[in-house]
Structures are given as C-alpha cells and as structure tokens.
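Take a look at the structure below.
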Amino acid sequence: MRPRTRRRPGTRSSRASSRARTGSGTSTPSRCTTDPSWPRLGTTRSISRCRARRAGSQRTGRTTSISVGRPDPDRGTSPRSAGAVQWDPAQYSLFGAERRRPFFDLVGQVGAVDPRRVVDLGCGPGTLTTTLAERWPGATVLGIDSSPEMIAEAIGAHRQGRVEFALGGAEDFSAAGVDVLVSNALLQWVPSHRELLARWAAELDPGGWLAFQVPANFGSPSHRLMRELAESPRWRDRLGGVLRHDGPVAEPAEYLELLLGAGLRVAAWRTEYQHLLPGPDPVLEWVRGTGLRPVLDRLSAAETADFEAEYGARLRQAYPRGPFGTVFPFLRTFVVAEKPGA
Ligand SMILES: C[S@@+](CC[C@H](N)C(=O)[O-])C[C@H]1O[C@@H](n2cnc3c(N)ncnc32)[C@H](O)[C@@H]1O
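Under the numbering used here, the first residue of the sequence shown is numbered 145, with each subsequent residue one higher.
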C-alpha cells in the first residue's frame, strides 16, 4: 500500500502548497471515470459530468441523476429540501480571488501525499474542486453540494477526467473510505456540524485527512447590521428568526479539542484577511452571494430593494470607502487533522 501521508498537520510542504496556490500541476486525463469503489454517499445523487455530457445536458442545468445512496424521502421529486437556501453561482463567484485564498491556505496544510479519493464537501460552483485534482494527480475528486444550482454550474463549467459532482447534504455524508475530506466555507450552514465532525473523525481510515474552514465573522458589522435590521419593527414579521446567531461556528480551540479527543492529530488557527474591495457597495455585493441569501429568499423584489437600501446605507457607514477601495476585514477559522496509524 502506498504511503498517503508524511507530514504532520500544519506543517507545510512547499511543493504541494505552491502547486495548490498557483493552480499548476500535472494535467488531468480527459477520460470519464466513475470509480465503483467510492464509499457510500448517503443520500447524494451523483451527477456524473461524463453522463451529463452524454445526455447533452451540460450548461443547461438539466442533469442526469444517478442515485448512489438510499432514497431521500424528504426531498421527494424536488431536489431542494425544505428551508434550504437558494444559491446563485454567478453572484457567489464575484470576489472569486478573495474567496479562493482561504481555500488554498487550508489545502496547503494538508500533508496527504498520494490520496486516491478526495472529497470537496459543499463544493459550490466547483471552481476550487478542480484544483484538488491538480494538487493530487492520482486522485479521483468528488464535489458534493446540496444546491442544485451550484451542482449544475459545477457540472457544466468544471468538467475534468477525474472530477465528479454529486447533489447531496453534508448531514448524510460518510467519510468512510475517503483519503482527504476538504470542506471550505460550508459548515457554518450546518447546525449539526460538531456532531458530524466527530462522526467523520471516527469513519476516516488511518492516514485519512480532514480539513475545513469556516468564517468567524458573525459578530462583525456586516453580520450584526444584517441581523439588527432583520429584527427591526419594519422587517421582524418577514425576517424574524431567519438569520441564525446561536453559535453557528465554534472557537478554534473547541474544534481542536473535539478532534484531538477523537484521536486525530490537529492544527487549528485563525486568519483575518483584509480584503480590499472595489465599487460603490462592495460589502453588500459580497454578502448578496453568501450571508444575505436567507433574507433574499424570503423577500419579494420590491422588499429586497427596500431592505438593501437600508442595509447598504448602514454598511457604507461601517465600511467607508477609502482612497484605495473599501477595506473589508474577514476573520476565518481553519482546522486540518490527520488520523494517525496508516
Ligand atoms: C459559501 S459556499 C462555499 C462553496 C465552496 N466550498 C467554495 O469555497 O467556494 C457554501 C456552499 O455550501 C453548500 N451547502 C450549504 N448547506 C449544505 C449542506 N447541508 N450540505 C451540503 N452543501 C451545503 C451551499 O449550497 C454552497 O454551495
């Protein structure tokens, strides 16, 4: 059996991390593969991009669904579960450079040398998923996301020989048989993620890696002002309770202890990025792609315009435009862990 790991989590391999940063690396073969030995995927619906292409469904959002797990009774014929947020891949992909950087800072600390099965859980539009195939030329990479819009975009735009995408929820995912599990900017959307982390840690094989990043800016003006406005008398009836603030993410030390307690080697840290954003309302534009989604889902077009006018004015005060653009500080928590014993 080939060694999969050499470094301890948190120690950098310059070759691997430079490949991850630059996106360069061995090019991928352009054959269609669906590895039959992939682990159980719970309720995911694998939408092989190769099959989608054969079905002529690329870029149309029409996909060929292949059920690879038990049926999902909650979803019925609709791919969107009740209460799920509707995502807009194009809006999310604005500020791509700023959103990309934490992903590479995370993956750069994963020491897996030659993993076979890599999963990007909450893969979004798939842009970053494909870089995992470049980083690990011997791996099959599976991107999983619960948003039909995101998965349709991923299939249509990021097709590569060793990269597949599947519709599925993190809650149903099993880490058994996975060599590297990456999850970037997903788990803040999953209230049960502390329990999931404990389960995934138990399911990983010896030598398996778990790496995730979550925003740690729920107390920052961008989020606080959004919540305050949503709870104000004008909006309370429409938006009351829509935005969570009951500990959506943990402190780095809590993740550290949780995974150490599960027997993993762990590195956890925080980074505050100072994003310099262009344009007149850049923070509003940013949150339209992520944190504001639950609000946008609830409101009509006219209500959205009113809410954004009020919220945008508050944001401009909190994040004034400077001579070089708008500085948007953004705190993020990173955790990289390895299961010893390979
Ligand atoms: C902020 S985006 C991050 C996308 C990508 N990982 C990236 O770094 O660009 C969060 C993604 O998580 C997905 N998501 C939210 N809840 C999920 C869940 N319970 N299971 C799977 N995916 C989920 C959303 O559909 C969205 O694509």
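Idealized CB from N, CA, C, for every residue including glycine.
Residue i in three-state terms, based on DSSP
{"i": "Gly435", "result": "coil"}
{"i": "Ala449", "result": "helix"}
{"i": "Arg175", "result": "Low confidence applies to Arg175: its pLDDT is 26, below 50, so where it sits in the model is not reliable, and the reading given next is rough at best. If DSSP states are grouped into helix, strand and coil, Arg175 belongs with coil."}
{"i": "Leu265", "result": "strand"}
{"i": "Asp425", "result": "coil"}
{"i": "Tyr463", "result": "coil"}
{"i": "Ser364", "result": "coil"}
{"i": "Ala310", "result": "strand"}
{"i": "His337", "result": "helix"}
{"i": "Pro473", "result": "strand"}
{"i": "Ser237", "result": "helix"}
{"i": "Val289", "result": "According to the sequence provided, residue 289 is Asp. The question's Val does not apply to it. In the structure shown, Asp289 sits in a strand (DSSP, three-state: E or B)."}
{"i": "Ala486", "result": "coil"}
{"i": "Leu325", "result": "strand"}
{"i": "Ala345", "result": "helix"}
{"i": "Ala320", "result": "coil"}
{"i": "Pro217", "result": "Note on Pro217: pLDDT 28, under 50, position unreliable in the model; no value is reported."}
{"i": "Leu272", "result": "coil"}
{"i": "Gln332", "result": "helix"}
{"i": "Arg378", "result": "coil"}
{"i": "Glu401", "result": "helix"}
{"i": "Arg388", "result": "coil"}
{"i": "Asp441", "result": "helix"}
{"i": "Ala226", "result": "Caution applies to Ala226, whose pLDDT of 42 falls short of 50 and renders its modelled position unreliable; the model cannot decide the point."}
{"i": "Val393", "result": "coil"}
{"i": "Pro246", "result": "helix"}
{"i": "Trp430", "result": "helix"}
Status (buried if at least 16 other CB within 10 Å, exposed otherwise) for residue i
{"i": "Gly255", "result": "buried"}
{"i": "Leu420", "result": "exposed"}
{"i": "Glu347", "result": "buried"}
{"i": "Thr204", "result": "Low per-residue confidence applies at Thr204: pLDDT is 27, beneath 50, and the placement is therefore not dependable enough to give any value."}
{"i": "Arg303", "result": "buried"}
{"i": "Gln230", "result": "exposed"}
{"i": "Ser190", "result": "Low local confidence applies: a pLDDT of 43 at Ser190 is under 50, so the model's placement there is unreliable, with the coordinate-based value given in what follows. The residue in question, Ser190, is buried, as its Cβ has 16 or more Cβ neighbours within 10 Å."}
{"i": "Ser192", "result": "Since pLDDT at Ser192 reaches only 38, below the 50 mark, its modelled position is unreliable, and no value is offered."}
{"i": "Ala329", "result": "buried"}
{"i": "Gly270", "result": "buried"}
{"i": "Asp323", "result": "buried"}
{"i": "Arg127", "result": "No information on residue 127 is available, as it lies outside the stretch 145 to 486 that the chain covers here."}
{"i": "Gln418", "result": "exposed"}
{"i": "Ala449", "result": "exposed"}
{"i": "Pro464", "result": "exposed"}
{"i": "Ser290", "result": "buried"}
{"i": "Phe309", "result": "buried"}
{"i": "Gly391", "result": "exposed"}
Per DSSP, the bridge partner or partners of residue i
{"i": "Val480", "result": "Ala355, Ala411"}
{"i": "Thr284", "result": "Arg261"}
{"i": "Glu372", "result": "Note: Glu372 sits in no beta bridge, so no partner."}
{"i": "Gln418", "result": "Pro473"}
{"i": "Gln304", "result": "Val307"}
Proximity test, residue i beta-carbon vs ligand 1 heavy atom, cut-off 7 Å
{"i": "Ala234", "result": "no"}
{"i": "Val471", "result": "no"}
{"i": "Asn361", "result": "no"}
{"i": "Val522", "result": "The shown model of the chain, from 145 to 486, leaves out residue 522, and the question about it has no answer."}
{"i": "Ala314", "result": "yes"}
{"i": "Ser318", "result": "no"}
{"i": "Leu330", "result": "yes"}
{"i": "Val324", "result": "no"}
{"i": "Gly300", "result": "no"}
{"i": "Trp333", "result": "yes"}
{"i": "Arg243", "result": "yes"}
{"i": "Thr274", "result": "no"}
{"i": "Gly266", "result": "yes"}
{"i": "Trp231", "result": "yes"}
{"i": "Ser364", "result": "no"}
{"i": "Asp441", "result": "no"}
{"i": "Thr477", "result": "no"}
{"i": "Ser376", "result": "no"}
{"i": "Met370", "result": "no"}
{"i": "Phe247", "result": "yes"}
{"i": "Thr415", "result": "no"}
{"i": "Ser444", "result": "no"}
8 Å contact criterion, which residue i and residue j should meet: CB distance rounded
{"i": "His367", "j": "Gly268", "result": "The Cβ separation is near 20 Å, so there is no contact."}
{"i": "Gly287", "j": "Asp316", "result": "In fact, because the Cβ distance is near 15 Å, the residues do not count as touching under 8 Å."}
{"i": "Ser325", "j": "Trp353", "result": "First, the amino acid is wrong: residue 325 is Leu here, not Ser. Yes, they are in contact, since the Cβ atoms of Leu325 and Trp353 sit about 7 Å apart, within 8 Å."}
{"i": "Pro396", "j": "Arg414", "result": "6 Å"}
{"i": "Val479", "j": "Leu403", "result": "7 Å"}
{"i": "Leu276", "j": "Ile295", "result": "Wrong, their Cβ atoms sit about 16 Å apart, outside the cutoff."}
{"i": "Pro359", "j": "Arg442", "result": "Contact flag wrong, Cβ pair sits at about 21 Å."}
{"i": "Leu408", "j": "Ala453", "result": "Wrong, their Cβ atoms sit about 47 Å apart, outside the cutoff."}
{"i": "Leu400", "j": "Ala412", "result": "4 Å"}
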